[in-house]
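K.L.:
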């Protein structure tokens with residue numbers, strides 16, 4: 538019987554390390570986010586990582602050395618250009634292969650062999666094709682066992698299981714306790730261009746973080762339909778209802794908001810009502826992934842311009858990278874903060890490339906750097922980049938006489954606004970520039 542032909546090597550960039558034996562590799566972007574595929578390393582099994590409870594599924598703990606195996610691989614290849622071979626066995630949807638670090642397979646580092654030698658994975662000895670390659674893997678594993686390396690150590694296995702905190706009991710107190718100091722973190726997931734999930738290390742708090750000062754286009758709650766007997770007099774950003782657009786609802790209305798279960802609503806929607814004694818107002822929030830069409834039904838073909846590009850921009854720079862996070866506030870039990878990376882500020886980069894716009898309510902929490910975000914946004918606007926491609930600058934001009942005037946303070950509206958009475962008796966409302974007071 539002839540030997541099956543060896544799969545031809547391909548090149549790709551490591552997007553994400555899912556575990557010690559599973560990796561996502563992507564191509565090079567050409568006019569948009571590139572294709573990607575999951576490669577499961579052939580002939581080995583890594584310890585399983587913990588999973589949080591979702592729906593009816595129960596929370597699971599790390600198997601010993603699961604985190605070490607993933608981290609060993611992550612630190613070695615995340616974001617790197619690698620060689621890989623891949624094949625798809627019959628009767629399975631999974632693709633298996635080998636990943637190499639180097640330019641030529643003949644001299645490149647075989648990551649499967651490296652993981653085995655470090656004692657971080659097990660060789661699958663049953664249900665696999667025997668041959669010299671498998672025999673070499675078995676010999677490497679036997680050597681790791683003899684040396685007591687990694688998972689083959691004779692003691693201390695329980696010390697290699699993380700104590701993960703999947704939620705923070707009191708986010709506000711947690712922010713205060715951190716005191717604005719940078720916290721080491723690993724970015725685990727990019728939900729959209731301005732929202733990520735991360736593990737704070739070394740204590741393994743799992744958090745959702747909204748990046749301070751910006752918002753990128755995304756598929757989440759992209760449009761809101763509303764009906765009202767009268768408009769709200771003093772519109773503000775209601776940051777505590779996810780996805781609520783800017784300047785719709787007063788923040789003090791929060792205490793009256795409630796969700797109304799309604800089986801007649803389509804599954805991608807939920808109805809939110811603000812009681813009549815406050816204002817007769819209701820709206821439909823979309824769930825992730827779809828816009829609604831003219832008939833109010835999910836439209837999977839609708840595209841939010843630049844949402845995927847913004848997400849890829851962040852993924853390619855931050856996903857599974859070591860960063861520092863500064864927690865600055867809390868919004869609906871999600872944290873608001875800034876990400877510190879040695880190569881620069883991701884919020885500033887998103888703004889300058891036209892992937893994001895400044896958001897007043899969260900930029901106010903920033904201790905430093907707000908002026909840089911405003912400047913970056915201005916650059917994108919002037920260049921009409923991406924989301925600003927149809928931007929038209931405000932042409933309203935203030936005459937010299939209106940720029941400077943004298944008067945008497947008639948009323949202090951709040952911390953950033955006052956009413957001035959002019960010499961002719963007229964009143965002029967003035968807002969202080971570049972600040973936002975507490976509400």
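Numbering (my numbering), first residue to last: 538 to 976.
Quick reminder that beta carbons are idealized off the backbone N, C-alpha and C, glycines included.
Once you ignore the five residues that flank residue 705 on each side, which residues in its own chain have a CB closer than 7 Å to its CB?
P.N.:
Here residue 705 corresponds to residue number 168 of the chain shown, with the count starting at 1. Excluding sequence neighbours, residue 705 sits near 711, 742, 744.
K.L.:
Between residue 971 and residue 944, what straight-line distance do the alpha-carbon atoms span, to the nearest angstrom?
P.N.:
Here the question's residue 971 lines up with position 434 in the chain shown. Here the question's residue 944 lines up with position 407 in the chain shown. About 22 Å.
K.L.:
Taking only the alpha-carbon atoms, compute the straight-line gap between residue 899 and residue 858 and give it to the nearest angstrom.
P.N.:
In the chain shown, the residue the question calls residue 899 occupies position 362. In the chain shown, the residue the question calls residue 858 occupies position 321. Cα to Cα, residue 899 sits roughly 24 Å from residue 858.
K.L.:
In three-state DSSP terms, what is residue 803?
P.N.:
As a first step, residue 803 must be located in the chain shown, where it is residue number 266. Note on residue 803: pLDDT 32, under 50, position unreliable in the model; the coordinate value appears next. Three-state DSSP puts residue 803 in coil, outside helix and strand.
K.L.:
Helix, strand or coil for residue 854, going by three-state DSSP, please let me know.
P.N.:
For the purposes of this step, residue 854 is identified with residue 317 of the chain shown, where counting begins at 1. If DSSP states are grouped into helix, strand and coil, residue 854 belongs with the helices.
K.L.:
Does DSSP put residue 650 in a helix, in a strand, or in coil?
P.N.:
Locating residue 650 in the chain shown gives position 113, counting from the first residue. Here residue 650 sits in helix by DSSP.
K.L.:
Taking the DSSP output, what are the residues bridged to residue 841?
P.N.:
In the chain shown, the residue the question calls residue 841 occupies position 304. Partner(s): none; residue 841 has no beta bridge.
K.L.:
Mapping DSSP to helix, strand and coil, what is residue 687?
P.N.:
As a position in the chain shown, residue 687 is number 150, starting the count at 1. Reduced to three states, the DSSP call for residue 687 is helix.
K.L.:
Report yes if the CB atom of residue 861 is closer than 7 Å to the CB atom of residue 735, and no otherwise.
P.N.:
Taking the first residue of the chain shown as 1, we reach residue 861 at position 324. Taking the first residue of the chain shown as 1, we reach residue 735 at position 198. No. Outside cutoff.
K.L.:
At the level of alpha carbons, what is the spacing between residue 673 and residue 693?
P.N.:
Taking the first residue of the chain shown as position 1, residue 673 is located at position 136. Taking the first residue of the chain shown as position 1, residue 693 is located at position 156. Roughly 28 Å between the two C-alpha positions.
K.L.:
Does residue 673 come out as helix, strand or coil in the three-state DSSP assignment?
P.N.:
Within the chain shown, the letter at position 136 stands for residue 673. Residue state, collapsed to three classes: helix.
K.L.:
With distance defined between alpha-carbon atoms, name the residue in 680, 632, 623, 630 nearest to residue 651.
P.N.:
Stepping through the chain shown from its first residue, residue 651 is reached at position 114. It is 680 whose Cα lies nearest to the Cα of residue 651.
K.L.:
Are the beta-carbon atoms of residue 581 and residue 635 separated by less than 7 Å?
P.N.:
Looking up residue 581 in the chain shown gives position 44. Looking up residue 635 in the chain shown gives position 98. No, they are not a contact pair.
K.L.:
Run through DSSP, which three-state label would residue 659 get?
P.N.:
Taking the first residue of the chain shown as 1, we reach residue 659 at position 122. DSSP places residue 659 in strand when its eight states are reduced to three.
K.L.:
Entirely within the segment 579–606 and at least 3 residues each: give me those beta strand (DSSP E) ranges in chain order.
P.N.:
Counting whole runs of 3 or more residues, the segment 579–606 contains no beta strand (DSSP E) stretch at all.
K.L.:
Per DSSP, which residues does residue 944 bridge with? Please list them.
P.N.:
In the chain shown, counting from the first residue as 1, residue 944 sits at position 407. In the DSSP output, where bridge partners are listed per residue, residue 944 has 959.
K.L.:
Considering only residues of the same chain and omitting the five flanking positions on each side of residue 950, which have a CB-CB separation below 8 Å?
P.N.:
Position 413 of the chain shown, counted from the first residue, corresponds to residue 950. Only 956, 966 meet the Cβ criterion.
K.L.:
Does the separation of the CB atoms of residue 619 and residue 551 fall below 7 Å?
P.N.:
Here residue 619 is taken as the residue at index 82 of the chain shown, counted from 1. Here residue 551 is taken as the residue at index 14 of the chain shown, counted from 1. Yes; because the gap between Cβ atoms is below 7 Å, this pair is in contact.
K.L.:
For residue 690, which residues in the same chain have their Cβ closer than 8 Å to its Cβ, ignoring the five residues on either side in sequence?
P.N.:
Working through the chain shown from its first residue, we reach residue 690 at position 153. Answer for residue 690: 656, listed in chain order.
K.L.:
Assign residue 545 to one of two classes, buried (16 or more other C-beta atoms within 10 Å of its C-beta) or exposed (fewer than that).
P.N.:
Walking along the chain shown from the start, residue 545 turns up at place 8. It is exposed - the Cβ of residue 545 has fewer than 16 other Cβ atoms within 10 Å.
K.L.:
If we ignore side chains and look at the alpha-carbon of each, how far apart do residue 963 and residue 930 end up?
P.N.:
In the chain shown, residue 963 corresponds to position 426, counting from 1. In the chain shown, residue 930 corresponds to position 393, counting from 1. Roughly 29 Å between the two C-alpha positions.
K.L.:
Do the CB positions of residue 874 and residue 885 come within less than 7 Å of each other?
P.N.:
The residue you call residue 874 lines up with position 337 of the chain shown. The residue you call residue 885 lines up with position 348 of the chain shown. No.
K.L.:
Please name the residue in 911, 877, 579 whose C-alpha comes closest to that of residue 889.
P.N.:
On the chain shown, position 352 is the one that residue 889 refers to. Measuring from the Cα of residue 889, the nearest candidate turns out to be 911.
K.L.:
From residue 576 to residue 639, what distance separates their C-alpha atoms?
P.N.:
As a position in the chain shown, residue 576 is number 39, starting the count at 1. As a position in the chain shown, residue 639 is number 102, starting the count at 1. Using only the alpha carbons, I get a separation of about 18 Å.
K.L.:
How long is the line joining the alpha carbons of residue 703 and residue 726, rounded to whole angstroms?
P.N.:
Against the chain shown, residue 703 aligns to sequence position 166. Against the chain shown, residue 726 aligns to sequence position 189. Rounded to whole angstroms, residue 703 to residue 726 spans 14 Å at the Cα level.
K.L.:
Checking the sheet assignment: what are the DSSP bridge partners for residue 636?
P.N.:
On the chain shown, residue 636 is found 99 positions in, with the first residue counted as 1. DSSP lists 621 as partners of residue 636.
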